[in-house]
Each structure stands twice: as C-alpha cells, then as structure tokens.
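*Asks:* Which chain is which? The protein sequence lines are Z and L, in order.
The first sequence begins at 16 in my numbering and counts up by one.
The second sequence begins at 142 in my numbering and counts up by one.
Heads up, the beta-carbon is just placed ideally off N, CA and C, and yes, glycines get one too.
So that we are looking at the same thing, I have put the structure below in structure tokens.
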Amino acid sequence: MKIDTNARYRTSHEFARKEGAEIVVGISDHAQESLGDIVFVELPEVGKTLKQGEAFGVVESVKAASDLYMPLSGKVIAVNEALQGDPALVNRDCYGKGWMIRIAPTAPAEWDGLLDAAAYEKEAGKE
Amino acid sequence: MAPFAGYDMPISYPTGAVEEHLITRRSVGLFDIDHMGQIEVSGPGADEFVSRMVSATVLDMKDWDARYSLLLDDKGLVLDDLFIYKLPGRWWIVVNASNREADYAWFTRHAPQGLKIEDKSDATYMIAVQGPRAIELMDLVADRKVSEFPRFTAGEIKVEGIPILFGRTGYTGEDGGELFFPAESAERLWTLLLERGEKAGIETRPIGLAARDSLRFEAGMPLHGHEISPTINPIEAGFKWACGLEKDFVGKAAVEAVIAAGPARKLVGLEVSGGVPREGYEVLAESGEKIGVCVAGMFCPTVKKYAANAFVLPAFAKAGTKVQVLIHGKTKEALVVKRPLYVPAYRR
Numbered sequence: 016m017k018i019d020t021n022a023r024y025r026t027s028h029e030f031a032r033k034e035g036a037e038i039v040v041g042i043s044d045h046a047q048e049s050l051g052d053i054v055f056v057e058l059p060e061v062g063k064t065l066k067q068g069e070a071f072g073v074v075e076s077v078k079a080a081s082d083l084y085m086p087l088s089g090k091v092i093a094v095n096e097a098l099q100g101d102p103a104l105v106n107r108d109c110y111g112k113g114w115m116i117r118i119a120p121t122a123p124a125e126w127d128g129l130l131d132a133a134a135y136e137k138e139a140g141k142e
Numbered sequence: 142m143a144p145f146a147g148y149d150m151p152i153s154y155p156t157g158a159v160e161e162h163l164i165t166r167r168s169v170g171l172f173d174i175d176h177m178g179q180i181e182v183s184g185p186g187a188d189e190f191v192s193r194m195v196s197a198t199v200l201d202m203k204d205w206d207a208r209y210s211l212l213l214d215d216k217g218l219v220l221d222d223l224f225i226y227k228l229p230g231r232w233w234i235v236v237n238a239s240n241r242e243a244d245y246a247w248f249t250r251h252a253p254q255g256l257k258i259e260d261k262s263d264a265t266y267m268i269a270v271q272g273p274r275a276i277e278l279m280d281l282v283a284d285r286k287v288s289e290f291p292r293f294t295a296g297e298i299k300v301e302g303i304p305i306l307f308g309r310t311g312y313t314g315e316d317g318g319e320l321f322f323p324a325e326s327a328e329r330l331w332t333l334l335l336e337r338g339e340k341a342g343i344e345t346r347p348i349g350l351a352a353r354d355s356l357r358f359e360a361g362m363p364l365h366g367h368e369i370s371p372t373i374n375p376i377e378a379g380f381k382w383a384c385g386l387e388k389d390f391v392g393k394a395a396v397e398a399v400i401a402a403g404p405a406r407k408l409v410g411l412e413v414s415g416g417v418p419r420e421g422y423e424v425l426a427e428s429g430e431k432i433g434v435c436v437a438g439m440f441c442p443t444v445k446k447y448a449a450n451a452f453v454l455p456a457f458a459k460a461g462t463k464v465q466v467l468i469h470g471k472t473k474e475a476l477v478v479k480r481p482l483y484v485p486a487y488r489r
C-alpha cells in the first residue's frame, strides 16, 4: 500500500492533505485497491458546507457503492471535475490526479484528531 | 474471491474487472466456470422426455447441435435456463450452479421408468474460451479445426491428449467456445491455454465473475435470479423465442395464458445518467409514480454507459421513453433503450 506521508487519514480511508490554508480530500491507496475498479464518483456541489464525518459523496466500484466522509468540517471550494469522465483516475493516482474535493476547513483543529501516516498504515494493515 | 453456490470464485483477477472485460472484447478471455452443472439424459424415450421438459423446440436438433432453452415449472415460471447439446445417443444439459440439485431432482421426478438421468457435474470441468481470437487459439492447440464448427454446434477434440467436448457457444457476446473435459485435467489445460496464447502473441487472460457479468449484460444475455427467475415468466422477460409453442412442454398452458392476456410488466434496458443503477433500485415515471424495479445494473465497459435491466409497466416499455431511477435517495434521469447494448458476434 502506498501512503502519502504528508496526509492524514480517517479510519474510513479518506485522506486529507494541507495545501496552504486549504485541504485536499480523497481516498487512500488501500481504499482504492480494496474497492477495485472505480466506475463512478458522485461529488457535492461547490459551496456546500459539511461537518466532519458527514457523507460528501459516493464512490461506486464494479462491486458496490460506498459513502465518502468528510475528514474535517469545511466548505467545499472545488471538486475534481475530471473524475466525471475518468473515475479510474482514483485507481491510478489517488493522492494526485484522483483527488476528490478541496475544502476550506471551518474547524482546523480537527486536523490533530486524524491519524498520521504511520498510525493509518498500521490501522489499514489490520484489514 | 467470493463464495458462489458452494464454490470459491474469483470476482476479478489482478488485471481488474474492467480491463478483463475489454480483453475479452479485443482478444481472448479464459473463464473458469466449473461451478456450472451438467446433466446427461439417455435411454429409451430420452428425446420425447427432453422435449416435454424444456421450453425450446429440440426434436429438430441433429447430433452435435447446441441450443438455448428455459426450464419452466407448471405455472410457466423460469426454474432455470439451459444450454442443451444433442450428442449421439444422449442429451447433455448445462445448468446453473445454484439450480443444479433442484434441476436434477425436477428431471428425475418427471422421468419415465428406464430413462437414465445422471449428474455429471463433479467429474466434468468446464472452461470457456471467449473473444474475437478465441477460435484462432483453439485451432492452434486442438487436433481438429474448431473454426470449421458452425456456431451453436459441438464436437469432440483433443488438446495434448485431453479429450474435450467443445461447444461453439458462450455467454459473452463474443465468438469462442465452452469446453467440457475430465476434471483431473483442469489445471493442465488452463495453464496450457494461457501459455500457448501468450506464446502465439494472442493476448489471453483469466477473467473473473464481475467481468463475466458485465460481458453477458452488455450482450443482452439473462442471468438466472435477475432477468429470469421462479417469479418471472418468459413472456415478460422477452423469451417467447425460446418457447416452442408448436409442441407440448411443462408450463406451456401458463405461457399461452400470459401471451393471451398480455404481460403485466416487461423487461427493458435503461441507460442512466449520473449514477450506477443496481439490482433492487426503483424505477419511476417522470411524474414520480413507481413503475418498476431494476434486476441488474452496472457500468458497461465497452459501450461506456451506466445501464440497468428493469421490469416496468408495459406502458413505459417503449424505447425512447424517459423514466427515472432512484439511486441513493436521488432521482436520476434514465432512458428506455433497445437491448442488447452490444450486439453479439453471432448476430453480426
């Protein structure tokens, strides 16, 4: 499993990475690998404000649909439109071109409660 | 891996389900389908017995012919779907894994004395070789040219000494065949086909259950438990063509009654925008009224569409009708389309 050491993680396998004052959100390499081929990603509207742990979208693999959860509370300021035409970007480059949403955090302190790369790797390794 | 009718089956290989689907459409896919059952019927009265038990016309079949049929109960509901091979002196009937025991019991219960009905599934292994280059691969390895077998016929071949019944049939919409042979040779034949394919420059890969499902779905072939089942009659599912109404068969009276009254619902294809439709999702009219339910749905890799098969009220069954599918609590636009989404090789 590949880990982005700059990111932090939820146990539900979303990652969050700081880029300036904003946070980029997607799913981990472990998540994309266990889901298999991703064929559709439903993302929220830009401007929506969601709380930590709320569902922000759905990822559909060949096998099943899975909800996506906010790693931190925040306002959605961008969504990755490229996933509409090529959802498999999440399989190919989950931390890069397969990012899902960009948020402006409304409770930045929540960052400290997320798993760091080492803790997440240990957690995901148990599955 | 996932449990399926008592077998451990690969959902996908490391290649991934979408790529496996595409490989089968462009070259050769190998399918380990040993879970399928095989029932052999022979003895005095076998022809008349098979004809009475199955929906399709079979008495016109010549030795080595292969034909699709349904197995109906007295109420005209679909117990299973079958591929029937007429071989010299016997009938070879391929049944679905989950129905194997029930089908065998059903045949046995209706059989006249002296008829021999045997479940050959355990001794028989089954592999499918499917794709536009599948026949080329088989010609390379077999002692006979399977390219000379017409579609929907079978023949006996040998591959490095392994005796095989080869049917030019399949469940993907591609050309190719289905191979029946002694179970002890399974691993050797599987490995040989993969190696000889690669050596000859014919891309050949193992294909899992997920791609098997998307291939059959695109090509408009039914999966028992979805488009057909013991709660579905052949007419609403569009299988009048598989009913030999000129002969007598179990369930015929019920089928004729549905034809006379008109089906209460019809199987349609739906193309959906903005989501992946799946089994159990509701179909709504534009007005919001519930008009049906999806029985299968997925992303279709060749036609690159999200599509479903659904039973809907007949008034909404015409191609071009706008409807909606309820996905995760949201209504998504859908269009009734002609099936199949991908025209099978044998119809091109």
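For THR26 of chain Z, does the count of other Cβ atoms within 10 angstroms reach 16, so buried, or fall short, so exposed?
*Replies:* exposed
*Asks:* Short of 7 Å in beta carbon distance, which residues of its chain neighbour ASP188 of chain L, apart from the five on each side in sequence? Order them along the chain.
*Replies:* LEU200
*Asks:* Which whole runs of the alpha helix (DSSP H) in the stretch 146-172 of chain L are 4 residues long or more, in chain order?
*Replies:* As far as the stretch 146-172 of chain L is concerned, its whole alpha helix (DSSP H) runs of at least 4 residues are 158-167.
*Asks:* Pull up the distance between the alpha-carbon of ASP222 of chain L and that of ASN240 of chain L, whole angstroms please.
*Replies:* 9 Å
*Asks:* Taking only beta-carbon positions, decide if VAL444 of chain L is within less than 9 Å of chain Z.
*Replies:* Not flagged as an interface residue toward chain Z: VAL444 of chain L, since no C-beta distance is shorter than 9 Å.
*Asks:* Looking at the C-beta of ASP52 of chain Z, does it have a partner C-beta in chain L at a distance below 9 Å?
*Replies:* yes
*Asks:* Specify, as a first and last residue, the run of the alpha helix (DSSP H) that VAL396 of chain L falls within.
*Replies:* 393-402
*Asks:* From VAL195 of chain L to LYS112 of chain Z, what distance separates their C-alpha atoms?
*Replies:* 54 Å
*Asks:* Of the residues that make up the stretch 456-485 of chain L, which ones have a beta carbon closer than 9 Å to any beta carbon in chain Z?
*Replies:* ILE468, HIS469, LYS471
*Asks:* Of the choices L:GLU344, L:PRO291, L:ARG329, whose alpha-carbon is the least far from that of GLY302 of chain L?
*Replies:* L:ARG329
*Asks:* Helix, strand or coil for ALA251 of chain L, going by three-state DSSP, please let me know.
*Replies:* Correcting the residue type first, residue 251 of chain L is His in the shown sequence and not Ala. Look at HIS251 of chain L here: in three-state DSSP terms it is helix.
*Asks:* Judging by CA-CA distance, which residue of L:GLY385, L:VAL453, L:PRO442, L:VAL466 is the nearest neighbour of ARG166 of chain L?
*Replies:* L:PRO442
*Asks:* Check for me: the alpha helix (DSSP H) holding TYR266 of chain L runs from which residue to which?
*Replies:* Where TYR266 of chain L is concerned, there is no enclosing alpha helix (DSSP H), although the beta strand (DSSP E) it sits in stretches over 265-271.
*Asks:* Beta-carbon separation of VAL54 of chain Z and GLU75 of chain Z under 9 Å?
*Replies:* Against a cut-off of 9 Å, the Cβ pair of GLU75 of chain Z and VAL54 of chain Z comes out as a contact.
*Asks:* Against chain Z, with Cβ distances strictly below 9 Å, would MET439 of chain L count as a contact?
*Replies:* yes
*Asks:* Cutting at 8 Å between CB atoms, please list the residues of its own chain near HIS469 of chain L, excluding the five before and the five after it.
*Replies:* GLY416
*Asks:* With distances taken from CA atoms, which of L:GLY361, L:PHE440, L:GLY349 is nearest PRO144 of chain L?
*Replies:* The closest CA to that of PRO144 of chain L, considering only L:GLY361, L:PHE440, L:GLY349, is found on L:GLY349.
*Asks:* Write down every uninterrupted run of the beta strand (DSSP E) in the stretch 45-94 of chain Z whose length is 3 residues or greater and which is fully enclosed by it, in chain order.
*Replies:* 53-57, 70-76, 80-84, 89-94
*Asks:* Between LYS63 of chain Z and ALA402 of chain L, what straight-line distance do the alpha-carbon atoms span, to the nearest angstrom?
*Replies:* 52 Å
*Asks:* Please report the straight-line C-alpha distance between PRO13 of chain Z and GLU29 of chain Z, rounded to a whole angstrom.
*Replies:* What the structure shows of chain Z is the stretch from 16 to 142, and residue 13 of chain Z is not part of that stretch, so it cannot be assessed.
*Asks:* Can you name the residues of chain Z whose CB is closer than 8 Å to the CB of VAL417 of chain L?
*Replies:* VAL54, PHE55, GLU75, ALA80
*Asks:* Where do the N-terminal and C-terminal ends of the alpha helix (DSSP H) with THR198 of chain L fall, by residue?
*Replies:* Looking at the DSSP string, THR198 of chain L is not in any alpha helix (DSSP H), and its letter there is neither H nor E.
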